[in-house]
Structures are given as structure tokens and as C-alpha cells.
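Reading through the C-alpha cells given below for one structure.
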Amino acid sequence: MNNAKVIIKSDANQLIMTMDGGNRRGIDMEQTVNDLVQESKLLEAYYNDVVAKESVLHRLYEESHNSFEALRSLSPESETISLVPLGIGVYVKSLIYPLEKVLVNIGAGVVVEKRKDDAVNFIEQRIKEFELATKQLSTQKQQISHRMMEIQNTVNSYVGQMRNHDETAHSHSPSHSHSH
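Going by full-length UniProt numbering, the first residue of the sequence shown is number 1, and it counts up by one from there.
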């Protein structure tokens, strides 16, 4: 008899089911389970990618928010003493002259001079874009999680059916009886 094996890995354990290789329904079910496991692996990789993007967006949001607050606090009439980061926790004191204009990187390495109010508006717009992108990524994560749960439930159902089929096949096999 030709036995096919279906291996399903979960976080906690590994389940190996054997079934009659001649059973067309069993083979179809096995192929479906294998396809679902592959889809689940792809979804997991996609989910991890979304989480990484979410992390980058969070850092950009924080940086934008900090820039927004710092720019708003700078005075257009008087000098401001500030600490300028050089890296790895090293700062130098700096004097910022009355501020009318700032340099803003608008993307693709292009830097333009903007009035302070325009720069604040630019940063506010970027913050809104980051918030929207974060919401979209959150929605994607929920959709991926939902699909992964559907797959897990379907695989569990198929494994249960295969287990029942395997148990039924074993219980219908001829048994040896002994008479005294």
C-alpha cells in the first residue's frame, strides 16, 4: 500500500498524518493542506514585512513630530541656544539666530528654503501622511491575520478529517480473532 504523509508544522508541535495513497479524496485534501501551508508561509513573510514598514513609519512619525515641535518653539525674534547631536549621544551647544526661513528636504535629495510657517505646514502634512499609512498597514495586518486564522482553521479541519479517515481505515481492517 502506498502511504502519503502530510506534515503540518505549528508553533508548538508537529503532526504527521498517513493516509491511503490510493484514496483520491485524501490526495486532494493533502494537496490542499500543502497549498494552504505554503500560502500561510507567504502570508507570514508578508506580515513580517508589514511590521517592519510599520516600525519605519513609527520612527518617521516620531522624527516628524519632534521636528514639528522644535521648529514651532524657535523664535523669529530672538536667538535660541540649542544642543546639536553629533551622533552616539554626543552633543554640542549651538546658537540659532532669529529664524525666518529653514531648509527642507522635500524628497529625492532636493532641499528647498521655506518660510518657517510653510515648513511647519509641510511637516504637519507629512505627519498626516504617516498617520494614514500607519492605519493602512494596520488594516493590512488585520486582513493578513484573519486570512492566516482561516487557513489554520481549514488545515485543522482537514487534519481532523484525515485523522478520522485514517482511524476508520484501521478499524475496518480485518482483525485476527482467537477462539479457545
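Virtual Cβ for every residue (Gly too), placed ideally from N, Cα, C.
Take the Cβ of residue i as the centre, count every other Cβ of all protein chains shown within 10 Å, and call the residue buried at 16 or more, exposed below.
| i | result |
| --- | --- |
| LEU137 | buried |
| ILE81 | exposed |
| ILE88 | exposed |
| ILE106 | exposed |
| VAL92 | exposed |
| VAL33 | buried |
Can you tell me whether residue i is helix, strand or coil according to DSSP?
| i | result |
| --- | --- |
| GLY21 | Annotation note: pLDDT 46 at GLY21 (below 50); position unreliable, coordinate value reported separately. The answer is coil: DSSP assigns GLY21 none of H, G, I, E or B. |
| GLU62 | helix |
Going along the chain, which residues of its own chain have a beta-carbon closer than 6 Å to the beta-carbon of residue i, five neighbours each way excluded?
| i | result |
| --- | --- |
| SER94 | SER82 and VAL84 |
| MET141 | The residue asked about is misnamed: residue 141 is Lys in this sequence, not Met. VAL50. |
If you check the beta carbons only, do residue i and residue j fall under 8 Å apart?
| i | j | result |
| --- | --- | --- |
| VAL120 | VAL112 | no |
| ASN69 | ILE96 | Position check: residue 69 holds Glu in this sequence, whereas Asn was assumed. Against a cut-off of 8 Å, the Cβ pair of ILE96 and GLU69 comes out as no contact. |
| TYR61 | PHE130 | yes |
Sorted by chain position, which residues of the same chain lie with C-beta nearer than 8 Å to residue i's C-beta, five sequence neighbours on each side aside?
| i | result |
| --- | --- |
| LYS116 | LEU71, LEU74, PRO76, LEU99, GLU100, LYS101 and VAL102 |
By Cβ distance below 7 Å, which residues in the same chain neighbour residue i in space, the five residues on each side in sequence not counted?
| i | result |
| --- | --- |
| GLN161 | MET29 |
| LEU43 | ILE144, ARG147 and MET148 |
Report the CB separation of residue i from residue j in whole angstroms; it is logged as a contact under 8 Å.
| i | j | result |
| --- | --- | --- |
| VAL155 | VAL56 | Not a contact, Cβ separation roughly 32 Å. |
| MET149 | SER40 | 10 Å between Cβ atoms; not a contact. |
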